[in-house]
Each structure stands twice: as structure tokens, then as C-alpha cells.
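Here the structure is laid out as C-alpha cells; the discussion comes afterwards.
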Amino acid sequence: MDRNEILYWLRETNEQRLEELWRRADNVRRRAVGDQVHLRGLIEISNVCARSCLYCGLRAPNAKIERYRLTDREILDCAAHAVQLGYGTVVMQAGEDYGVETDRLARLIRQIKSDTPLAVTLSLGERPDQDLVAWRQAGADRYLLRFETSNPKLYKIIHPDLNNRPSDRIAILRRLDQLGYEVGSGVMVGIPGQSYDDLADDIAMFRELRLHMIGVGPWLPHPDTPLAQMASQLRLPPDRQVPNDEITTYKAVALARLACPWANIPSTTALATVNQANGRELGLVRGANVVMPNLTPLRYRPLYEIYPAKACLQESPDDFHLRLRSRIHDIGRTVGAGRGDSKRQTNASSARQAETGG
Ligand code: SAH
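Encoded structure:
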């Protein structure tokens, strides 16, 4: 799939012709990663954030949200819940919160890894190298850090540096790979100022980084963020601007699958938010093979408002789980068993194999 073909599909609007893209993505998904849909229990461990990203409702300057941090007990209860529901992975996500201390999190990771068979994924922002090293040593398996856009000018606008340290997520992603994490990244679709060329470059970047996991969702304007307020100034002319709509997000999911056949690709909550009725299923039949059900205690959910009206704000994990299982079966798929590791080896395991000649 070359760049021109990616651009062709991104600009295609004819629904009948798009069927071919969906079919191709679904076929590649089936052959490369099979029919299992892996479930990752999401624990939103803190909504405190040091950064001022222009798109995100958790940004430090947003004084309108009440901040929370889960206790050790709450986090371990969520992990136990994940095991009880049969999930193979927990994802601990937060704002870039330095109040989530390196050692405390390392202790929690060790505890989860010794008490349960769960894979542990972290999504905690651009933490310093020593944190990434410590957590990997504690047993963390995977790390998610979206590069958001591969256009450096646009990235600089929407993602200001912290304390004058230049933000280089691509460098961190390469470092995570070196440390032996399974590495996940992704972008928002339809950021004001994002061109079709930019999104084609993003997809090429997924491939270049040889990502184990790719998450894409539409940019959803949060009224208490500068990006929502500046959108009309930043937006490109309609023939160049990527729309932040449902169909364009499916295209990005499908193209990510074609670019990276082996990757684990979630059908994201942002997609389920733009189409509450069946966004999640449509993502799964157009390239995705992962769902991340939310296990955060219900009383904290409304506070983790990266964008408004997130899907499943009020749904208990048990109800959601039952409905999700039947929806997965309805589209002819099965619920994944085990950890659902990436089929692409981590650097560490290929190095080990090289050493043992295996
Ligand atoms: N603080 C961590 C993880 C939390 S945010 C980090 O920055 O990596 C997780 C993802 O949510 C972000 O990477 C971004 O792609 C997405 N996100 C944030 N605000 C959003 C918005 N307004 N609309 C859609 N997605 C958003």
C-alpha cells in the first residue's frame, strides 16, 4: 500500500467503493491476528495532569474539573475485577501526573504481576526515562503513547512543551521499544489543521515505528479547551482538512490494519462516542481486534473527561461486559483468551531468541 493509495482511500467518499477498503482490512485482520477480540480493562488511575495540551479536558489549566487519584486499594480491586471478568490485560491510564510516584507505581505493578496473570499496560504520558526503566523492571509489559500527529508544526501548536523540555514522543516510542515494552501509539483524526497529507504520513509512521498497538479516534472538541475555541482559525480549506467524523476514523483504522497487519488495534471509546449505537462493532469489522472496557469505579468516570459525553459513562463493568460479549458473538467473533500479546516480537524477546539461537 503506497502513499498515493492511502491518500486515495482517505479522500474516497463513495460508500460502495469504500466497501472494498472495509473488506480488505477485515480480511487482513482475520489472516494476521484472527477472530479473537482481546479485551483490555481500562483503569483511569488519575485525572491530574501537569501538561496543557490544547485538545484535552484534563489539561492543567482547566480549573473546572474536580481532580482525583485512585488509592492502591481501588487500583488493585479494579485489577481483581479484570481477572474476574476474564480479561488478560489491565491498562493503567492517567494524565501526566507526577503525584503518581515512580516507586508507588512500581510497587503496584509488582503486586498485580505477582497476584494475577494479567499483562500490564501503562499510558501515563511522557514520564522521564528512569520511570520507564523502573516500571519495565517492575514487570510492566506495554506502553501506550500517541504521537497525536506526525506534522511537527501542528504538534507544537496542540501539545506545548513542559518546563521547556522539547516534547519528542517519537523518541520516547523508540526508547520504549528498546526497553522491551510492546509499544502502542496513534493519532487523533480530524484535528483542526490536519491535512490529508498529514494523516497519510501518520499511517506511514505507524509502519516505520513497527508499532505493536495502534489507537486512532476522532478529535472531539471539549468546550473548556483552547483547541475547541480556535478550531475555526486552524481549520484548513475543506479540500485539505481531514474531517473528525466517523467514516474518516474507520478509514484510518482500516488503513492502519493494512499498513501494520500484525498490530493490535482497538475499536476506541472515541469511536463508540461518535456512534453510540454500533461504532464499536463497525470498528471491529473494519480492521480492529481489541476493545478496552472501562473498569474505573463509576463515581470517578465523569471526572476523566478528556472529551465530553464519553461513551459508557454510567455503565457498570458487569453490564457492559455481558452486552459486549454478545455483540462480539453477533459479528461472528470470539472473546480473546489469555493476554493477547502482539504477534510482533518485542525487541527484548527477539534479542533473547538470538542469544539462545531460537
Ligand atoms: N496523558 C496520557 C494518556 C491520557 S490521554 C497521554 O497523554 O498519553 C489518551 C489519549 O486521548 C490522548 O493520547 C489523545 O489522543 C486522546 N484525546 C485527548 N483529548 C482528546 C479529545 N478532545 N478528543 C479525542 N481524543 C482525545
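Our numbering numbers the first residue of the sequence shown as 3 and each following residue consecutively. In this text, a Cβ means the ideal position worked out from N, Cα and C, and glycines have one as well.
Paired residues, beta bridge with residue i - DSSP
| i | result |
| --- | --- |
| E128 | For E128, which the question treats as bridged, DSSP gives no partner whatsoever. |
| I45 | M94 |
| R167 | L164 |
| M190 | G219 |
| A256 | According to DSSP, A256 bridges with nothing at all. |
| V244 | Partner(s): none; V244 has no beta bridge. |
| R2 | What is shown of the chain runs 3 to 360, which leaves residue 2 out entirely. |
Range covered by the alpha helix (DSSP H) that runs through residue i
| i | result |
| --- | --- |
| V30 | E17 to V35 |
| V276 | T271 to V276 |
| M3 | Note, M3: premise wrong, no alpha helix (DSSP H); not H, not E. |
| M207 | Y198 to E210 |
| V85 | D74 to Q86 |
| F322 | P319 to D332 |
| Q113 | T104 to D117 |
| E283 | G281 to L286 |
Heavy atom of the ligand SAH within 7 Å of residue i beta-carbon
| i | result |
| --- | --- |
| W221 | yes |
| L286 | no |
| Y309 | yes |
| R148 | yes |
| E14 | no |
| H224 | yes |
| Q95 | yes |
| E195 | Reading off the sequence, residue 195 comes out as Gly, not Glu. Not under cutoff, so the answer is no. |
| M190 | yes |
| L126 | yes |
| E98 | yes |
| C314 | no |
| A272 | yes |
| C58 | yes |
| C51 | yes |
Which of helix, strand or coil DSSP assigns to residue i
| i | result |
| --- | --- |
| R237 | coil |
| M232 | helix |
| V185 | strand |
| A261 | helix |
| R341 | coil |
| P304 | helix |
| V39 | strand |
| T123 | strand |
| T336 | strand |
| V292 | strand |
| P268 | strand |
| L12 | helix |
Residue environment, residue i, which counts as buried when at least 16 other CB atoms sit within 10 Å
| i | result |
| --- | --- |
| L273 | buried |
| P154 | exposed |
| G340 | exposed |
| S48 | buried |
| S318 | exposed |
| H331 | exposed |
| L260 | buried |
| G219 | buried |
| V135 | exposed |
| P268 | buried |
| T15 | exposed |
| L120 | buried |
Extent of the continuous beta strand (DSSP E) to which residue i belongs
| i | result |
| --- | --- |
| L146 | R144 to L146 |
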